[in-house]
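Residue numbers (my numbering), protein chains in the order written: chain Z, 9 to 340; chain H, 2 to 321.
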């Protein structure tokens, strides 16, 4: 009797324990990787462990994270959003245009957030109401948005923004860059959304098995719509921070951020196949990428190497995802 | 309606839409755009279409296998850069072309192995190789254009055979080769099956992965070949020059009625898609519409066609 109940308990407990420890281990490995890269860089370069450089790494990581946070939610729910970087470009260009025309910084930032959210809404409607495959729909919007950004900017650059606006990207509060506070705030909100309330559990369920999710009464299409909107909003926030930091907008500013953002999500351990991952993991992914990029700068590697390295990191992340055993049939 | 007519109807479904779009585009451009029908402009369209054709032919096979190749544009830039640098270092055109083909082969093989053997989603894999190819091109050139390798290649590009420009002849040859490969070889039959029912192919004892890799290798090789035309046209090579061309190629395939699912592909449709896009761009150019808005219009066209595609699928599913 005692033995029987023990085996029943074991049947429930053991797989759970194994799964938990597996996820914890994956997280610890990745944190270890962050420490390892940091240590290597500290040995290789004297200027790495200065506080200004470390804060710089954090700032770079926060930018990648802000762009990738929404994407993480989309990928957890089994979708994909290729348009985030171009969404950032268009949002930044519009915000720059507004401020150039004399609009206050608050209005500029508002326009960027609104533009990002609207693009996300359009993506979401294309995927849910019009039933397009997510990847194709967002690939189409990518080029439409890029065309619009080219058209709006007409090959010109808009630069020089009010100091209050620039503070969003370059400012400090209590010695820590303001984007880092934004990163922590977004992380907190996303963590509550995904881990604290039913909404998050529903996203994981949709990502793991959309049919089962629908049959168990989850409003799948509405949830999917919401993640694309959040992804657009996330791109809008990132566009404000990025624009404030570089202090100039042109029609190509977002493009170099696409691969790092996707790589950050995947290297963090969120599975491309849906249903596995977390926004916190994306922070670790963003830190790893920021460290790699920072290290290349410190070691005087020419910036032309950056796409190559990020591409390799992305492929490595996909392979890692495969080794994680999350592979499932999926139409790309 | 019995099953046979139904099948025939389904097979021929893409035919009317792309033919209609293509004809409408030609008639519309001829009527509305001044100078569209001039001989020089038609040759120009042919030249413009030739590189797109080369990218779109293998892209049809890739999309039929439920895949996608986002790396094509970046790979074309890389091959073009390698070709130009080889010529600059004094190699003959055939040898330089071999290097370009080799580069295409390596990237095609990498895409294919990652997609087919490891079962990774094609769009993320090719996004990664996109980054690698773009990065490699930038590293090789330090971000500068490669030029000054003599006029032989440009002369080849400008030559004509029986009155037809050489690039058009080469593009037609690629079409012919793809046609034979798809409709008259065992490989082609397997391509249909890989998209349609991969498991059945495997269960029939066929090494479906091998042929699946073959699709991507073919794509890489054709891109390596297309670099010859791109480099000849510009008489130089730019490390990011061809990025974005993969979008036109995918657009042409989608317009042509090839579906992203069920191995439903039609090569002639892709050819018409290529013509449609080339004519659209040319007409918009003649009308003075800037290239950014051309991009938007092609994007909208593609989304519209994907929409029709997925609606048709939904209707088919609900009716069965």
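Cβ coordinates follow ideal geometry from the N, Cα and C atoms, glycine included. Model, not experiment: these values are computed from the prediction.
(request) Below 8 Å CB to CB, which residues in the same chain sit around residue 42 (chain H) once its five sequence neighbours on both sides are set aside? (result) By 1-based counting over the second chain, the position of residue 42 (chain H) is 41. Correct list, in chain order: 36, 283, 287.
(request) Helix, strand or coil for residue 169 (chain Z), going by three-state DSSP, please let me know. (result) In the first chain, residue 169 (chain Z) corresponds to position 161, counting from 1. Here DSSP, grouped into helix, strand and coil, assigns residue 169 (chain Z) to coil.
(request) Closer than 9 Å, Cβ to Cβ, to anything on chain H: give me those residues from the region 76-98 of chain Z, in chain order. (result) When C-beta distances to chain H are compared with 9 Å, the residues of the region 76-98 of chain Z below that value are 88, 90, in chain order.
(message) On the CB-based measure, 16 or more other CB atoms within 10 Å of its CB, does residue 283 (chain Z) come out buried or exposed?
(response) Here the question's residue 283 (chain Z) lines up with position 275 in the first chain. The residue is buried, with at least 16 neighbouring Cβ atoms inside 10 Å.
(request) Could you pull the start and end residues of the alpha helix (DSSP H) that residue 142 (chain Z) belongs to? (result) Along the first chain, one-based indexing puts residue 142 (chain Z) at 134. Counting along the chain, the alpha helix (DSSP H) containing residue 142 (chain Z) begins and ends at 142-161.
(message) Would the region 81-94 of chain Z count as touching the region 256-274 of chain Z if we require 3 or more Cβ pairs under 8 Å?
(response) These segments touch.
(request) Starting from the Cα of residue 67 (chain Z), find the closest Cα among Z:280, Z:139, Z:177, Z:111 and give me that residue. (result) Along the first chain, read from residue 1 onward, the residue named residue 67 (chain Z) stands at position 59. For the residues Z:280, Z:139, Z:177, Z:111, the minimum Cα distance to residue 67 (chain Z) belongs to Z:177.
(request) From the DSSP output, in three-state form, read off residue 238 (chain H) for me. (result) The residue given as residue 238 (chain H) occupies position 237 in the second chain. Three-state DSSP puts residue 238 (chain H) in a strand.
(request) Rank H:119, H:82, H:142, H:297 by C-alpha distance to the C-alpha of residue 100 (chain H) and give the top, closest one. (result) Taking the first residue of the second chain as position 1, residue 100 (chain H) is located at position 99. Ranking H:119, H:82, H:142, H:297 by Cα distance to residue 100 (chain H) puts H:82 first.
(message) Please list the terminal residues of the continuous alpha helix (DSSP H) segment that includes residue 60 (chain Z).
(response) Locating residue 60 (chain Z) in the first chain gives position 52, where the first residue counts as 1. For residue 60 (chain Z), the enclosing alpha helix (DSSP H) stretches over residues 59-84.
(request) Compute the distance between the beta-carbons of residue 67 (chain H) and residue 266 (chain H), then report whether it is under 7 Å. (result) Sequence index remark: in the second chain, residue 67 (chain H) carries index 66 (1-based). Sequence index remark: in the second chain, residue 266 (chain H) carries index 265 (1-based). For residue 67 (chain H) and residue 266 (chain H), no; Cβs fall outside 7 Å.
(request) Could you check the C-alpha separation between residue 203 (chain Z) and residue 214 (chain Z) for me, to the nearest Å? (result) Indexing the first chain from 1 puts residue 203 (chain Z) at position 195. Indexing the first chain from 1 puts residue 214 (chain Z) at position 206. It is roughly 15 Å from the alpha-carbon of residue 203 (chain Z) to the alpha-carbon of residue 214 (chain Z).
(request) Could you work out which residues of chain Z lie near residue 193 (chain H), taking near to mean beta carbons separated by less than 8 Å? (result) For the purposes of this step, residue 193 (chain H) is identified with residue 192 of the second chain, where counting begins at 1. Correct list: empty, because the minimum Cβ distance to chain Z is about 17 Å.
(request) Grab the span of the alpha helix (DSSP H) containing residue 248 (chain H) for me, first residue to last. (result) Position 247 of the second chain, counted from the start, is the residue given in the question as residue 248 (chain H). In this chain, the alpha helix (DSSP H) harbouring residue 248 (chain H) covers 246-256.
(message) I'd like the span of the alpha helix (DSSP H) that includes residue 188 (chain H), first residue to last.
(response) Here the question's residue 188 (chain H) lines up with position 187 in the second chain. If you look at residue 188 (chain H), you'll find it in the alpha helix (DSSP H) that goes 187-197.
(message) If distances are taken between C-alpha atoms only, which option among H:103, H:22, H:33 comes closest to residue 227 (chain H)?
(response) On the second chain, position 226 is the one that residue 227 (chain H) refers to. Closest option to residue 227 (chain H), judged by alpha-carbon separation, among H:103, H:22, H:33: H:103.
(request) Would you mind stating whether residue 71 (chain H) and residue 131 (chain H) have Cβ atoms separated by less than 7 Å? (result) As a first step, residue 71 (chain H) must be located in the second chain, where it is residue number 70. As a first step, residue 131 (chain H) must be located in the second chain, where it is residue number 130. For residue 71 (chain H) and residue 131 (chain H), yes; Cβs fall inside 7 Å.
(message) Using 8 Å as the cut-off, can you tell me whether the region 50-67 of chain H makes contact with the region 223-238 of chain H, which would need three or more C-beta pairs spanning the two stretches below that distance?
(response) Contact between the region 50-67 of chain H and the region 223-238 of chain H is established, with three or more Cβ pairs separated by less than 8 Å.
(request) Report all residues from its chain with a CB closer than 8 Å to the CB of residue 73 (chain Z); omit the five preceding and five following residues, and keep chain order. (result) Within the first chain, numbered from 1, the residue matching residue 73 (chain Z) stands at position 65. Cβ neighbours of residue 73 (chain Z) within its own chain (closer than 8 Å, five residues either side excluded): 191, 194, 195, 272, 290, 291, 294.
(request) For residue 39 (chain H), name the three-state secondary structure that DSSP assigns. (result) Reading the second chain from its first residue, position 38 is the one you call residue 39 (chain H). In the structure shown, residue 39 (chain H) sits in coil (DSSP, three-state: anything other than H, G, I, E or B).
(request) Could you tell me which uninterrupted alpha helix (DSSP H) segments, each at least 4 residues in length, are contained entirely in the region 89-138 of chain Z, listed from first to last along the chain? (result) Within the region 89-138 of chain Z, the complete alpha helix (DSSP H) segments at least 4 residues long are 92-108, 113-136, listed from N- to C-terminus.
(message) Assuming residue 199 (chain Z) is part of the alpha helix (DSSP H), what are its boundary residues?
(response) Numbered from its first residue, the first chain carries residue 199 (chain Z) at position 191. Note, residue 199 (chain Z): alpha helix (DSSP H), 186-199.
(request) Could you tell me the distance, in whole angstroms, from the CA atom of residue 3 (chain Z) to the CA atom of residue 253 (chain Z)? (result) Outside the modelled stretch of chain Z, which goes from 9 to 340, sits residue 3 (chain Z), for which no answer is possible.
(message) Looking at the secondary structure, which residues open and close the alpha helix (DSSP H) in which residue 278 (chain Z) lies?
(response) The residue given as residue 278 (chain Z) occupies position 270 in the first chain. No alpha helix (DSSP H) contains residue 278 (chain Z), which DSSP labels as neither H nor E.
(message) At the level of alpha carbons, what is the spacing between residue 78 (chain Z) and residue 303 (chain H)?
(response) Reading the first chain from its first residue, position 70 is the one you call residue 78 (chain Z). Reading the second chain from its first residue, position 302 is the one you call residue 303 (chain H). Answer to the nearest angstrom: the Cα atoms are 26 Å apart.
(request) With DSSP collapsed to three states, give me the class of residue 207 (chain H). (result) Against the second chain, residue 207 (chain H) aligns to sequence position 206. Looking at residue 207 (chain H) - three-state DSSP - the assignment turns out to be coil, as it is neither helix nor strand.
(request) With DSSP as the reference, label residue 163 (chain H) as helix, strand or coil. (result) Within the second chain, residue 163 (chain H) is the residue found at index 162, counting from 1. In this structure, DSSP gives residue 163 (chain H) a state outside helix and strand, which the three-state scheme calls coil.
(request) Could you tell me the boundaries of the alpha helix (DSSP H) in which residue 135 (chain H) lies? (result) Start at 1 with the first residue of the second chain, and residue 135 (chain H) comes out as number 134. Unbroken alpha helix (DSSP H) run through residue 135 (chain H): 123-142.
(request) Measuring only between beta-carbons, confirm whether residue 136 (chain Z) sits less than 7 Å from chain H. (result) Position 128 of the first chain holds residue 136 (chain Z). Closer than 7 Å: no.
(request) Between the Cα of residue 171 (chain Z) and those of Z:251, Z:200, Z:219, Z:211, spot the shortest distance and give me the residue it belongs to. (result) The sequence position of residue 171 (chain Z) within the first chain is 163, counting from 1. Considering only alpha carbons, the answer is Z:251.
(message) Just list the residues that DSSP pairs residue 147 (chain H) with in beta bridges.
(response) In the second chain, residue 147 (chain H) corresponds to position 146, counting from 1. Beta-bridge analysis with DSSP links residue 147 (chain H) to H:238.
(message) Please report the distance separating the alpha-carbon of residue 212 (chain H) from that of residue 60 (chain H).
(response) Taking the first residue of the second chain as position 1, residue 212 (chain H) is located at position 211. Taking the first residue of the second chain as position 1, residue 60 (chain H) is located at position 59. For the pair residue 212 (chain H) and residue 60 (chain H), the Cα-to-Cα distance works out to about 15 Å.
(request) Consult DSSP for residue 180 (chain Z) and reduce its assignment to one of helix, strand or coil. (result) Mapped onto the first chain, residue 180 (chain Z) falls at position 172. Of the three classes helix, strand and coil, the one that applies to residue 180 (chain Z) here is strand, per DSSP.
(message) So that I know if they touch, is there some Cβ in chain H lying closer than 7 Å to that of residue 336 (chain Z)?
(response) Residue mapping note: residue 336 (chain Z) aligns to position 328 of the first chain, counting from 1. Below a pLDDT of 50, predicted positions are generally treated as unreliable, and residue 336 (chain Z), at 45, falls in that range; no measurement from the model is reported.
(message) For the alpha helix (DSSP H) containing residue 329 (chain Z), name the first residue and the last one.
(response) What you label residue 329 (chain Z) is simply residue 321 of the first chain in a count that begins at 1. Element bounds for residue 329 (chain Z): 314-331.
(request) Using 6 Å as the cut-off, classify the Cβ of residue 176 (chain H) as near or not near the heavy atoms of the ligand FMN, replying yes or no. (result) Questions concerning the ligand FMN fall outside what the structure shown contains, since it holds no ligand whatsoever.
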